[in-house]
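Report on the following structure.
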Amino acid sequence: MTRIARPAFGTFLFFAVAFALCVYFTFAAVQGDFGLFQRAQIDAESRVLTVQLAEVRADVARMENLTYRLSDDYLDLDLLDEQARRVLGMVRSDEIVIR
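Residue 69 is where the sequence shown starts when you use the working numbering, and the numbers rise one by one after that.
See below:
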């Protein structure tokens, strides 16, 4: 009796599924929601937002200083004069206005 060798489909199927899983997990590690490219994008956004936060904090500190200088506790006459002239459009008598 002679046996005819059958192709090993089971072995081929096992390695095909293993290869497909490896390709899938590699793709997910690089391009997925938690992959390397997403991480790089999040890091870049984090740096941009950190710079914006510093700018906003500086702006808030400036506004707090101006607000404090206009408060009843601390009255800066120069700032009050500047604000009044800007809002009311008034000019001092010793100023030269060029239009």
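By construction, the Cβ of each residue, glycine as well, lies at the ideal position given by its N, Cα and C atoms.
Note that the structure is a prediction, hence the values are computed from the model and not measured.
Check this for me: beta carbons of residue i and residue j, under 8 Å apart or not?
i	j	result
residue 147	residue 156	no
residue 104	residue 97	yes
Can you find the residues in the same chain that come closer than 8 Å, C-beta to C-beta, to residue i, ignoring five residues on each side of it along the sequence?
i	result
residue 107	none
residue 131	none
residue 158	152
Compare the C-beta of residue i with all C-beta atoms of chain D and state if any pair is closer than 8 Å.
i	result
residue 144	Any reference to chain D falls outside this structure, which holds one protein chain only.
By alpha-carbon positions, which one of the options ends up nearest to residue i?
i	options	result
residue 77	126, 85 and 99	85
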